[in-house]
Amino acid sequence: MLGEDRSGQRFAEAIGLARRAAGEREQLGRRAAALIGEFASRPARGLIRLDPGLAEADDTRASVYALRVLLAATGGTALLPDQARGEALFEQMRAGRLCATLSRAVVDIRRNGIFLRRESRDLPRSAPIAGTLLWDGRRRITPDIEAGAITLGDSPGAWLIAPLGAAAAARTPIAGDGAPPSLVRAALAAEPALWRGGECLGFAGDVAAAAAIAVSPAVAPFARFLPCFDLVLAQAVAELIGAPPVPACPLAATVPVDHGAKA
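Read in order, the letters of the sequence shown are residues 112 to 374 in my numbering.
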């Protein structure tokens with residue numbers, strides 16, 4: 112009986128620790144979400160602007176967390192960048208001018224803001240659209256096969272999905288809401304476009320002849336797995352990049368979280 116009592120006590124202690132850790136993580140996410148809502152904007156497709164105030168915020172821990180999540184979202188990576196590297200990058204941001212790459216995202220500090228965009232290396236190669244896919248970890252491509260107006264797969268005349276590329280981006284009219292045109296075009300060049308017969312027809316989702324192909328942004332670090340304690344943060348990033356709303360946590364009503372934990 113004594114052994115069973117100790118085992119039950121250890122189990123209860125473990126559950127308590129897990130709840131407190133979840134509460135701390137949720138509170139950190141809420142603070143990071145608030146910072147994203149206050150300091151982040153999207154001046155153009157694929158381009159995020161951070162107000163320099165983010166680097167000057169008092170809540171350094173939440174600021175670094177927000178930066179790490181936004182880097183993963185911009186670069187399309189499932190994992191956040193390393194904590195130490197994220198902190199080092201944040202300190203460089205505080206120091207002033209910077210151009211660095213982390214988690215496939217380029218961080219470029221200009222006079223009118225801190226800009227994040229997908230780097231041009233290791234983008235997906237041209238490929239046929241055979242069905243729904245998570246493109247580059249950043250965009251969800253969904254063809255309406257039942258529409259029957261598009262040719263998918265490896266058939267002749269099939270639509271291909273590939274990055275827009277620098278040449279097509281240079282010909283694309285831009286409205287970057289005050290962002291440097293060079294950064295806007297660099298961000299657009301990494302966006303998915305539809306190609307057929309070697310010709311770029313435009314951004315995926317914007318081509319009238321292929322209206323049956325829908326494209327929506329995906330919150331990369333949470334695209335495949337979203338913990339309940341990251342819901343508020345994921346929703347803040349979804350609103351920033353124009354992604355669909357995140358689903359509600361099915362366990363919210365059954366799994367209590369220690370909201371009294373201090374981060």
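Backbone N, C-alpha and C define an ideal beta-carbon position, used for all residues, glycine too.
Going by DSSP, Ala166 is part of the alpha helix (DSSP H) stretching over 164 to 167. An exposed status is given to Gly164, since fewer than 16 other beta-carbon atoms sit within 10 Å of its beta-carbon.
As the crow flies, the alpha-carbon of Gly313 is around 45 Å from that of Gly134. When DSSP assignments are scanned along the segment 166 to 204, the uninterrupted stretches of alpha helix (DSSP H) that are 4 or more residues long and fall wholly within it turn out to be 171 to 186. A straight line joining the alpha-carbon of Arg208 with that of Arg160 spans about 15 Å.
Membership of Leu245 in the beta strand (DSSP E) is indicated by the continuous run 244 to 246. By the Cβ-count criterion, Ser174 is buried, with 16 or more other Cβ atoms from all chains shown falling within 10 Å of its own Cβ.
Comparing alpha-carbon positions, the option among Leu342, Glu350, Ala241, Val348 lying closest to Pro358 turns out to be Leu342.
It is roughly 4 Å from the alpha-carbon of Ala300 to the alpha-carbon of Gly276. When C-alpha distances from Pro291 are compared across Gly353, Ile272, Asp219, the shortest belongs to Asp219.
When the beta-carbon positions are compared, Arg251 and Leu245 come within less than 8 Å of each other. For the 8 Å CB-CB criterion, Ala216 and Arg228 form a contact. By the neighbour-count criterion, in which a residue is buried when 16 or more other Cβ atoms sit within 10 angstroms of its Cβ, Pro355 is exposed.
Inclusion of Leu344 and Ala143 in the CB contact set at 8 Å is warranted, their separation being smaller than that value. Residues of the same chain with a CB within less than 6 Å of the CB of Val326, apart from the 5 flanking positions on each side, are Arg250, Ile252, Ala315, Gly316 in chain order. Minimum Cα-Cα distance from Ala347 among the listed residues Gly157, Pro154, Val180, Ala155 corresponds to Val180. DSSP, read as helix, strand or coil, puts Arg307 in strand. Note on Cys210: under 16 other CB atoms within 10 angstroms of its CB, so exposed under the neighbour-count rule.
Burial check for Asp247: the Cβ neighbour count within 10 Å reaches 16 or more, so the residue is buried.
Per DSSP, Arg215 lies in no beta strand (DSSP E) segment and is marked neither H nor E. Under DSSP, Asp219 forms a beta bridge with Cys210, Phe226.
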